[in-house]
Structure formats: structure tokens, C-alpha cells
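This report refers to the structure that appears directly beneath it.
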Amino acid sequence: MEDNYKTRMVEEYHELKERISKLDDAVTRYKRGELEFNPKCLGGMIVAQLYIMQDYLHVLFDRIKAMGISLDSDDEPLPPEPQSHGFFIPRDGSPYLILHDMDDTWSYVKNKPGVMSKIHNWTELTYGVNLFSGYRHWSELVKDFQDSAFPLIPLNFSGMPVIAKALADSK
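Residues in the sequence shown are numbered from 1 upward in steps of one, following our numbering.
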């Protein structure tokens with residue numbers, strides 16, 4: 001009887017993970033215009049719900065681990081994937097420039113002053129240069145960075161001069 005709450009926490013974790021998977025699939029199909037129905041609520045509300053559910057999953061996971069409760073192997077949740085496109089930097093300040101392109105793939109490069117000259121526009125990197133990681137899915141990108149890098153910090157085009165100056169000042 002004493003361990004019932006542990007069992008309930010693990011069950012809740014797996015149920016929530018399944019619901020997140022289904023909602024994530026619906027969000028993806030919504031963004032592509034592939035839903036069989038018209039949602040009665042705005043797409044932004046669905047995405048917000050997905051983010052909140054993912055955050056809750058992380059908290060629940062941390063609680064389960066802190067209590068020494070075992071989950072199935074490789075059950076650690078991924079950080080929420082940003083839905084916006086463009087450039088990001090890691091939250092922990094590691095020197096990388098990360099791109100979420102219009103094809104929903106991710107790339108990153110070590111952020112140096114020369115990198116700025118290789119950016120053709122706000123949503124594209126030059127992939128011919130061997131400095132770039134190439135195309136990755138979100139799960140692959142997460143594996144390449146420390147947990148402290150997430151959530152990523154989005155940049156906007158007006159921030160490019162600030163980034164360039166910070167890079168120049170760091171030399």
C-alpha cells in the first residue's frame with residue numbers, strides 16, 4: 001500500500017507521454033494543413049497546451065528520479081522543441097548558433113565572427129562549408145548539447161548586429 005503513489009506517478013508519466021505524442025502529432029499535422037477537421041480553438045492554444053504538457057512531463061520526470069523510482073530505459077523526455085523558425089542560441093551561453101529552418105530541420109555551427117558572413121538570409125545557413133553540422137532532427141540536436149542549453153533562446157534579425165559585436169569583442 002505504501003508504494004501505490006510511486007506506481008501512480010509512473011502510470012501518470014507514461015499516460016502523459018502518450019498524450020503528448022498524440023497532441024504533438026496533431027500539432028504537426030495542423031501546421032502542415034493535414035488535419036481531417038477544423039479545430040475549434042486557435043492553433044496557438046494547441047501549441048501552448050503542448051508546451052505546458054511537456055514542461056509538466058519534465059517536472060514529473062525530475063520528481064520520479066529524485067525519489068529513486070525507476071522508469072524504463074531511455075525514457076527521459078526531450079526538451080520542448082521550438083515551433084518558430086530562425087536562429088537560436090543555447091541558454092547556457094555555449095558558443096553555438098542554431099538554426100531551425102523552414103523544412104523543420106535543425107543545424108548548428110560554432111559561433112565565430114566568420115559565421116555571420118556565411119548567413120545568406122535569416123532562415124538559411126550555407127551548408128557547403130564543413131563547419132556546419134548538417135541537417136538534424138530535434139532529438140539529434142538535443143543529444144549534441146548539454147541539458148543546460150535548453151530551452152533555446154530565439155534571436156530576431158535585429159539582434160544580428162548585437163551578436164556580431166559580441167563575437168568581435170570576444171577576440
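Glycine included, C-beta positions come from ideal geometry on N, C-alpha and C. Because the structure is a prediction, the values reported are computed rather than measured.
Rounded to whole angstroms, the gap between the alpha carbons of GLY93 and VAL109 is 14 Å. Put simply, of ILE153, PRO82 and ARG91 the residue whose alpha carbon is nearest the alpha carbon of HIS137 is PRO82.
For TRP106, the beta-bridge partners assigned by DSSP are HIS100 and ARG136. The three-state reading of DSSP puts GLY44 in helix, counting H, G and I together. Spatial neighbours of ARG29 in its own chain (CB-CB distance under 7 Å, excluding positions within 5 residues in sequence) are listed in chain order as LEU35. If the five residues before and after PRO80 are omitted, its C-beta is found closer than 6 Å to the C-beta atoms of TYR51 and GLN54, all from its own chain and listed in chain order.
When only Cα atoms are considered, PRO151 and ARG32 end up about 24 Å apart.
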